[in-house]
Amino acid sequence: MSPKPANAALACFFFPFLSLTPRCWYGNSLLCIGWANTLLTVRLNYKSTAANTKVWYGEAGPLLPLDYWVVGLGIYDDSHLTVLSYYPSEDGQPLPPAVNVVSLQTGESLSEECLPIRGYEGYSAQDYALERNSTTPSSAAQPLYLLSPRSVVKILPRSVQDHIDWALEHDEYERAIAIASDRANGFSAEHITALREKHLEHLFAIDAIEKAAQLCPAYLGKDAKLWERWIARFNGNNKLQVLLPHIPLADPRLPLPVYTLILNYFLYNDVRSFLSLLRTWPRPQGDGNDLYDPKQLLHLLEGMVKSQKAQRGAKNNPFLLEALAELYAMTGAMEQAVDVYLENGLQNVENCSFFRWVEENGLVKHVKDKALQLFRLNVQQASVLLVEHMNEVNPNDVVQQLSSEPAFQEAYLRELFNRRTSEYNTEEFKALHALQLDLLLKFDSPDLLFFLETSQEYDVPTALNRCLHSAKPRIREAIYLYSRLGDTSRALHMIVQDLGDVDMALEFVQKWKDRDLWDDLVKYSISKPTFVGALLDRAGEYINAITLVQCIPPQMEIPQLKEKLVHVLDNYSLELELRQGCNTILTSDMAELYERLVKSKMAGIRLDPDALCTICQQELFQIRKATRTCPPPAVVAFHCSHLYHKTCLEHVCGRLDNVKEGEPVHLRCIRCESGESQEEKSLGLGLGQSHGLGQNLGLGLGLDTTGGELQFELQEAVDSD
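This note's numbering puts the first residue of the sequence shown at 200, with every later residue one more than the last.
Dropping the structure here:
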C-alpha cells in the first residue's frame, strides 16, 4: 500500500478541505484518489478461497506528483482523468480554479483551462466541488459540474467545431483545414472548400500571393468553377503570372474563355511569356477541344504589329513578331510564318521554330537566297540546315552571300567540312578549301590542324607559308605540313627548338621509324639538358646509350644525371640477364624438341596385310608365296599412304629419271604431283631411297624372311640438307 505524501499532515493543517479526499470511480474496479498534490490509482481485484468465497484486495499504482492541489476528480475518457485544480497563491489572494486533463498512466497534464468563477476572490478551495452523473467511461462527451456557493458551471470537452473556430481566430487556417478534412469528424466537402477559400483570401490579405498560388492545385482540385473563380481573382490583382505554372490544361479542362483570358493577360503584360505559352500549350487541332482560337489571336496580333509599324521610330517587339509567326504556322500559313522572321530583321533568336518549319515543309528553296538572314537568326541552326541541303543550295552560293560576314563563312564551312566531308573534299570546292584555310588562320581556330590533316584540296607549300607567317605562327600545323612534304628532319627541329616538347619529339620519331631521325634528335637535343635527360631515360630502346653519352658536352649540367646513368646501366644489366635466361630456355627447349623429333622418326607405321602395290596392283607382301630360296619382295611405304614394291618403284623411277644400270635410283611417290605429299611437306620429310637409316629421303618398310621369320626394318628419310 502506497504511503501518504510527506506533506499530507501539513497540507491538512493549512487546508482543512484536504481532509476530505477527492475520489473517482471508473466502473467497479478502478478507484482514483487525489491526496494533496498527488494522484493515486487503485485497481480492485479478488481471489477465490477454498470455501468458494471472494476475497477482495486492492493493487495500488504509482504515486503521481502534480503541480497543484487536487480539489475534485471526474472521468474524461477511458485513459484520462479530469482534475479540478487549485493553485495556492503566494500573496494570499485567492486564484480561480482550473480544470486539467491528466493521463492516468503518467499524470501528465494534456490540457489546462482556467475557470472564471464569479466571486472566486472570496472563495477558498473547500467551496468548490466537482460532480458527474455517470461513473462509466464513455466515448461520448459527458458533462461535469463545478459547484460553487453561488453558481453551477457545466464543463464539456471542446467540440471539433470549437477547435476549428479557435484555429480560425488565431489565423491557423491550415490547422483548421486539417481538422475538418479528417473523415472521422464528418465535415462535408462544401464546408472544407469554404475553409480553403477562407485561407486563400487570408493569404491575399497578407500579400502572400505565391503561397496562395502553390496551394491552389490542392485546394481547388478538379473543380473547374473554383479554378475559374480564382483565376479571375488572381487576374484582378494583376498576379496571374504567379498562378500560371499551376493552371490545369486538362483534368479539369477549363472553358475556352478562361484560357483566352490568360493569353490576353500575358499578351498585354508579358509578351515573352505569351510566346512561351503558344509554344508549350497543346497546339489547336480544330476539333472543338482547343484551349484557344488561334485565328482570333492572329487577328489581334496583326493589328498590334501594324500599329507599332505605323509609329515613327518604334521597333516591333521581337517576341511579338515570333508570336505572330507561331500563329501563322498554327493556321497553316507557313510561308508567311517564315517571312515574318526574314523580313523583320530578327537576330540571335533562341528556341527558334523557323528552321524546323523550313525543314518540315520543304521551304529550303524559299529561303536559299536569304543565307545572311538565316545566319543572323541562329548561326548553328542555319549552318546545319544549309549543309544538310547542299544539293539544293550550292555551297559556293552560300559563301558568296555571306561575303560580308567572315565569321558566318567560317561557321558554315566548318559545318560543311565536318558533316559532308566526302562530298566537300573534292576538286569542285578547292577554292572553298583555300578560303577556309584563310578563315581558320584569321580566327585562330583550334580546328586548323584537323582541317590540314583531313583536307586533300589545298596547296601544301602555300598552307605552310601562311602558317609560318600568320599573325600568330601555327607551329604544330607547320610541323605537320613539313612532315607531309617529306621534310621530317625540319619538322623534328621545330618540335625541339620551337615547342620544346620531349614527348612529342619522341612520338614523332617513333611514328616515322626512320633511323636517321634518331640521330637528328640527338643532334638537335644535345644543347638542351632537359631533352638529353629525357633521352637518357629512354636509352637502350631506340638510342645507343654509349653514343648519346659521348655526344654530351663536358660542361653541360643535366638534372639527376647520376640517377639517369644508373638507370641506363640497370637496363643493360637487365637486358643481359634476360638474354642469358632466354638462351638457357631455348637450349633446353631445343634439346627436348630434338629428342621428340628423334622418337617420332623412329616410330613405326601400321600397314594393311592385304594392301596392293600402287604400280603393279599385286598383293604387296606375298607372304604365302614366299620360300627360303624366294623371299617376299621388299616394300616401300610413304607417309602419303601410297605403298609400292621396291622393285616396281625402282623400275619406274629409274625410267623416269633415265638412270643408267648400276646407278642408284631416287625413290619417290610417283602418285604425288610434286614428288612430295602434303603430309610429308608438313612433317619436313623428303622422298628418297629406302636404304639406310639417316640417308634416305623416303620412309620405307623392308620385309625379310631370312631364317623363316618376318623381320621389319623401319627406314626413315632425313634430308641431308
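Beta carbons are placed, not taken as given, at the ideal position from N, Cα and C, and that holds for glycine.
Residue i, enclosing beta strand (DSSP E) - first and last residue
{"i": "Asp697", "result": "No beta strand (DSSP E) contains Asp697, which DSSP labels as neither H nor E."}
{"i": "Asn299", "result": "297-302"}
{"i": "Ile354", "result": "351-354"}
{"i": "Asp276", "result": "268-276"}
{"i": "Gln836", "result": "Residue identity differs from the one stated: residue 836 is Ala in this sequence, not Gln. 834-836 is the extent of the beta strand (DSSP E) around Ala836."}
Where residue i falls: helix, strand or coil (DSSP)
{"i": "Lys438", "result": "coil"}
{"i": "Glu875", "result": "Here the model assigns Glu875 a pLDDT of 46, short of 50, so the residue's position is not dependable, and the following value carries that caveat. If DSSP states are grouped into helix, strand and coil, Glu875 belongs with coil."}
{"i": "His930", "result": "Residue 930 lies beyond the range of the chain shown here (200 to 920); nothing can be said about it."}
{"i": "Thr237", "result": "strand"}
{"i": "Ser688", "result": "helix"}
{"i": "Gly257", "result": "strand"}
{"i": "Asn244", "result": "strand"}
{"i": "His890", "result": "Low local confidence applies: a pLDDT of 32 at His890 is under 50, so the model's placement there is unreliable, and no value is given."}
{"i": "Cys666", "result": "helix"}
{"i": "Thr859", "result": "Before going on, a small fix: residue 859 reads as Lys here, not Thr. Three-state DSSP puts Lys859 in coil, outside helix and strand."}
{"i": "Ser228", "result": "coil"}
{"i": "Pro264", "result": "strand"}
{"i": "Cys812", "result": "coil"}
{"i": "Tyr467", "result": "helix"}
{"i": "Ser552", "result": "coil"}
{"i": "Ser582", "result": "helix"}
Pairwise C-alpha distance: residue j and residue i
{"i": "Pro348", "j": "Thr237", "result": "26 Å"}
{"i": "Gln226", "j": "Pro264", "result": "Sequence check: residue 226 is Gly here, not Gln. Whole-angstrom Cα-Cα distance: 24 Å."}
{"i": "Val254", "j": "Val241", "result": "16 Å"}
{"i": "Glu373", "j": "Lys421", "result": "20 Å"}
{"i": "Asn436", "j": "Leu367", "result": "24 Å"}
{"i": "Glu614", "j": "Val583", "result": "7 Å"}
{"i": "Pro456", "j": "Asp489", "result": "11 Å"}
{"i": "Val578", "j": "Glu604", "result": "11 Å"}
{"i": "Thr183", "j": "Asn624", "result": "It is not possible to answer for residue 183, since the shown part of the chain is limited to 200 through 920."}
{"i": "Val659", "j": "Pro594", "result": "23 Å"}
{"i": "Glu371", "j": "Ser308", "result": "23 Å"}
{"i": "Ile869", "j": "Leu842", "result": "11 Å"}
{"i": "Asn921", "j": "Leu343", "result": "Residue 921 is absent from the structure shown; the chain starts at 200 and stops at 920."}
{"i": "Lys710", "j": "Ala606", "result": "36 Å"}
{"i": "Glu559", "j": "Val470", "result": "27 Å"}
{"i": "Met503", "j": "Ser380", "result": "49 Å"}
{"i": "Asn384", "j": "Asn463", "result": "44 Å"}
{"i": "Lys246", "j": "Glu258", "result": "13 Å"}
{"i": "Glu656", "j": "Arg675", "result": "20 Å"}
{"i": "Ile363", "j": "Ile376", "result": "8 Å"}
{"i": "Val592", "j": "Leu562", "result": "12 Å"}
{"i": "Gln325", "j": "Asp361", "result": "31 Å"}
{"i": "Leu631", "j": "Pro645", "result": "19 Å"}
{"i": "Tyr286", "j": "Gln292", "result": "11 Å"}
{"i": "Lys798", "j": "Ala790", "result": "12 Å"}
{"i": "Val359", "j": "Ser387", "result": "13 Å"}
{"i": "Ile814", "j": "Asn857", "result": "18 Å"}
{"i": "Tyr491", "j": "Trp365", "result": "45 Å"}
Span of the alpha helix (DSSP H), counted from its first residue to its last, around residue i
{"i": "Arg683", "result": "674-684"}
{"i": "Thr281", "result": "Looking at the DSSP string, Thr281 is not in any alpha helix (DSSP H); the run it does join, the beta strand (DSSP E), is 279-285."}
{"i": "Ala393", "result": "388-404"}
{"i": "Asp928", "result": "Nothing about residue 928 can be read from this structure; the chain reaches only from 200 to 920."}
{"i": "Leu640", "result": "629-641"}
{"i": "Arg222", "result": "Taken as a continuous stretch (DSSP letters only), Arg222 belongs to no alpha helix (DSSP H), being part of the beta strand (DSSP E) at 222-225."}
{"i": "Ser621", "result": "620-623"}
{"i": "Cys415", "result": "408-419"}
{"i": "Val864", "result": "Premise fails: Val864 is in no alpha helix (DSSP H) and is neither H nor E."}
{"i": "Leu497", "result": "493-509"}
Presumed contact (8 Å Cβ cut-off) between residue i and residue j, rounded CB distance
{"i": "Leu500", "j": "Leu474", "result": "The Cβ separation is near 11 Å, so there is no contact."}
{"i": "Trp429", "j": "Leu399", "result": "7 Å"}
{"i": "Leu647", "j": "Arg673", "result": "6 Å"}
{"i": "Val539", "j": "Leu520", "result": "6 Å"}
{"i": "Ile316", "j": "Ser350", "result": "7 Å"}
{"i": "Ile232", "j": "Leu243", "result": "About 12 Å; that fails the 8 Å criterion."}
{"i": "Leu460", "j": "Trp480", "result": "Not really, about 14 Å apart at Cβ, beyond 8 Å."}
Three Cβ pairs or more, each shorter than 8 Å: is that satisfied between the stretch 585-593 and the stretch 606-619?
yes
Whether or not the stretch 563-578 and the stretch 593-609 are in contact is what I'm after, with contact meaning three or more pairs of Cβ atoms, one per stretch, closer than 8 Å; do they touch?
yes
For the structure I just gave you, are there three or more beta carbon pairs, one from the stretch 797-811 and one from the stretch 767-780, closer than 8 Å?
no
Check whether the stretch 635-643 and the stretch 660-675 are in contact - that is, three or more C-beta pairs closer than 8 Å.
yes
Take every Cβ of the stretch 263-279, pair it with every Cβ of the stretch 300-315, and state whether three or more of those distances are shorter than 8 Å.
yes
Cβ contact check for the stretch 716-733 and the stretch 746-761: 3 or more pairs under 8 Å
yes
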